[in-house]
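In this text, residue positions in the sequence shown follow the working numbering: the first is 467, and each later residue adds one. A short write-up of the structure that comes next.
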Amino acid sequence: MLRTVVRTVSTLAACAGWVVALLIQLSLLDRHRPMIITDVHYYYRVLTGVWGGDLGEYPVVGLWPVHLLLGLTRSAGGDEDWFTTAFSVMCAVCSAVFTLWLLWHDPSPWCPAAWFWVLYSGCAGPIILTRLDLFPGLLVAAAAALLFARNRAGRSRGSSGSGGSGSAVQTVAAVLLAVATAAKLWPGVLAAGLVGRWRHLSTWARTAGFLAALAVVAGLVAVASGADRLTSPLDYQTDRGLQVESVSATPLVLAAALGHQDGRWHIGQAPSKSIEITGPWESTMVTVADVGLIVVLVAAAGTALWRLFRGGWTPQRTLSFWAALVMTVIVTDKVLSPQYLVWITPLLAVGLTVSRRPSLRIAALLTVVVALLTTLVFPVNYDGLLADGGPELLPAVLLTVRNVLLLLVTAVCLRWAMARDR
């Protein structure tokens, strides 16, 4: 009886908390609208021909929600304001549905998974409502959830699943991961977590499902938009410089802020449309970031090879491996935008419904703090980061602390992934 009461109260409180988080997001969106809504305006103006370009930096699949909204906008006779509002509504609805899913599937009466998502949403601010990154993040979370679907009633078993309905559901998870990869590229590295012992049918079902789905989507994109649209996002990423908010840029940003604006470093918008820092040691830090990302990719491939011959695949191990991979990609990449946190947070939320590992809880708690610091940097103090002559000290310090905590979250996720009992 007491458990039911606690569950009911916690569920209602989490729903109310989500509404409060949405109000916070809308308040910050209204206050900093010109800075935050730029991406959504960009989508609309390019696709309607107001601006030149073809959004070639975005994967075609990742733009499907935008094309859907644009079609609805035109059908309803709406304008650009209608489109931007509809975009935020779409993101809010997806967030609400995810919250309800967490409430439904979390076995704890206190609903920690939903509360984590609510707290993150409030601290992350309007970035959730104005960026496309929410959708691949939720697709990855859905893929992770499906890995546990067969044995959700008995999580402790951790069976590798050699066939049957469990293998079929895991194949669907692999298909979702392939769609997420086609939408945003980065989830592709997580395919290494689908590999189990070569003798198990489920290993081949998952990997074949991923590769087949990716091939089908790539074929559709090539036919509809041209083969060059398969590689244009990769070309765009290769040409980008050192984004000011990346972990690799942190020493330079802090040095620029402490250098009394001596002008040795410049922070501004680059041809890539992102805010980058240039100056002494820039090329060195880009190299560090590139090497770091290569190490992550090699480690992912090595882990997949290990699992192929040694076995030991379980949904729990895949979940922790995915979390560690996502965080290492985030901290090693030369590009780190505020919305990149939504790559990891839905995955951690799903993790909280199936695991009570201390490392997972610590990572979730730290991520909420990271989200708050990220919002304090962008959009609250972003003008100070872009000040003429060099960044102001406050946003530089906030960014430094944020990135240090990101490294700490990464370390916690790596510890979780390497633990014997995940």
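We put the CB at the ideal spot given by N, CA and C, even for glycine.
Next on the checklist: Report the CB separation of W731 from I741 in whole angstroms; it is logged as a contact under 8 Å.
Outcome noted: No, W731 and I741 are not in contact; Cβ-Cβ is about 13 Å, not under 8 Å.
Next on the checklist: Quick check on G777: does DSSP put it in helix, strand or coil?
Outcome noted: G777: coil per DSSP, three-state reduction.
Item to check | Per-residue DSSP class, three states only, for E523 | outcome: coil
Item to check | Counted within 10 angstroms of its Cβ, other Cβ atoms place R469 as buried (16 or more) or exposed | outcome: exposed
Item to check | Cβ shell of W530 (< 8 Å), same chain only, five flanking positions each side left out | outcome: Closer than 8 Å at Cβ, skipping near neighbours: A649.
Item to check | Distance between Y509 and L521 (C-alpha atoms, nearest Å) | outcome: Roughly 8 Å separates the two Cα atoms.
Item to check | CB contact check: W576 to chain D, cutoff 9 Å | outcome: Protein chains in the displayed structure number just one, and chain D is not present.
Item to check | Local Cβ density within 10 Å of A755, reported as buried at 16 or more and exposed below that | outcome: The residue in question, A755, is buried, as its Cβ has 16 or more Cβ neighbours within 10 Å.
Item to check | G544, DSSP secondary structure in three states | outcome: Coil, per DSSP.
Next on the checklist: Among T819, T697, G591, R672, whose alpha-carbon lies nearest the alpha-carbon of L569?
Outcome noted: T819
Item to check | Candidates L667, L677, S633: closest to G654 by CA position | outcome: L677
Next on the checklist: Which residue wins for smallest C-alpha separation from G777, given the options L873, I760, G659?
Outcome noted: Nearest C-alpha to G777 among L873, I760, G659: G659.
Checklist entry - Taking one C-beta from the segment 788-800 and one from the segment 863-877 each time, how about it: are there three or more such pairs within less than 8 Å? => result yes
Item to check | Presumed contact (8 Å Cβ cut-off) between L595 and A558, rounded CB distance | outcome: 6 Å
Checklist entry - Looking only at its own chain, which residues have a Cβ that is under 7 Å from the Cβ of T647, when we skip the five neighbours before and after it? => result Cβ neighbours of T647 beyond the five flanking positions: P653, G654, L680.
Next on the checklist: Spatial neighbours of F549 within its chain, please: C-beta separation below 7 Å, excluding the five flanking residues on both sides.
Outcome noted: Y510, L535, L536, T539
Checklist entry - Applying the criterion that 16 or more other CB atoms from any shown protein chain within 10 Å of the CB defines a buried residue, is M751 buried or exposed? => result buried
Next on the checklist: Please classify G515 as buried or exposed, where buried requires at least 16 neighbouring CB atoms within 10 angstroms.
Outcome noted: exposed
Next on the checklist: Quick check on R665: buried or exposed, where buried means 16 or more other Cβ atoms within 10 Å of its Cβ?
Outcome noted: exposed
Next on the checklist: So, at 6 Å on beta carbons, what are the nonlocal neighbours of M501 in its own chain, with the 5 sequence-adjacent residues on each side left out?
Outcome noted: Here the set comprises P845.
Item to check | the segment 831-841 in contact with the segment 681-691 per 3-pair CB rule at 8 Å | outcome: no
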